[in-house]
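Okay, so the sequence shown: first residue is 1141 according to the numbering used here, each after it adds one. Glycine residues also receive a C-beta, built at the ideal position from the N, C-alpha and C atoms. Please read these numbers as outputs of a predicted model, since none were measured by experiment.
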Amino acid sequence: MPGFGYLDAEHVRAVAVREGSVWQRLVADPTTGHAVTVSPHTYRPTASVARFVRARDGIARDPGTGEIPADRCELDHLVPFDHGGPTTPDNLQSLSRKGHTRKTKRQWTAQAHPDGTIHWTSLLGQRYTTTPHDYRNP
1141 MPGFGYLDAE
1151 HVRAVAVREG
1161 SVWQRLVADP
1171 TTGHAVTVSP
1181 HTYRPTASVA
1191 RFVRARDGIA
1201 RDPGTGEIPA
1211 DRCELDHLVP
1221 FDHGGPTTPD
1231 NLQSLSRKGH
1241 TRKTKRQWTA
1251 QAHPDGTIHW
1261 TSLLGQRYTT
1271 TPHDYRNP
């Protein structure tokens, strides 16, 4: 445990069952001892995941918000975290505060596709598509 060193089994069990404990899986390379990956099963993205999502999106991905820069947006889970959605780049998007509220209240639904597009549908059935930022066209 960072700052404390290794813990014996008794202390690990005590920490594991303590109310509010959150577990993360960390995979380390047995040769180097370096972290290879960390579990995406936490609500908040890591700084590097957040940077990647904002760079990929460029602007808010919700329709009708103009060009709000992604670094001024909230990060949203396409599949809600409390419904099993992982905190990974393919399940996160940059949304304006207004768009995030609309999606949370189910006034809009969003469906992501492997090519990075997000298809939006309003309560009235209007459909919109947003795409990741194209860095070929600054």
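Which listed residue (the options) has its alpha carbon closest to that of residue i
i       : options                               : result
Thr1271 : Gln1251, Val1152, Val1189 and Gly1265 : Gln1251
Ser1188 : Leu1232, Thr1261 and Ser1262          : Leu1232
Gly1160 : Asp1169, Gly1173, Ala1149 and Thr1182 : Thr1182
Asp1202 : Ala1156, Tyr1146, Arg1276 and His1259 : His1259
Leu1263 : Arg1276, Asp1255, Asn1277 and Gln1247 : Gln1247
Pro1229 : Glu1207, Gly1173 and Asp1255          : Asp1255
Buried/exposed call for residue i, threshold 16 Cβ in 10 Å
i       : result
Ala1200 : buried
Arg1267 : exposed
Arg1242 : buried
Val1193 : buried
Thr1257 : exposed
Pro1185 : buried
Thr1227 : buried
Residue i vs residue j beta-carbon contact at 8 Å
i       : j       : result
Lys1238 : Thr1269 : no
Leu1235 : Asp1222 : no
His1273 : Arg1153 : no
Glu1214 : His1253 : no
Gly1198 : Ala1190 : no
Thr1261 : Thr1249 : yes
Residue i beta carbon near the ligand FMN (any heavy atom closer than 7 Å)
i       : result
Gly1198 : What this structure holds is no ligand at all, so the ligand FMN is not there to describe.
Supposed close pair residue i, residue j - CB separation, criterion 8 Å
i       : j       : result
Leu1218 : Gly1225 : 7 Å
Residue-chain proximity (residue i, chain D), Cβ-Cβ < 8 Å
i       : result
Ile1208 : This model lacks chain D altogether, as it is built from one protein chain only.
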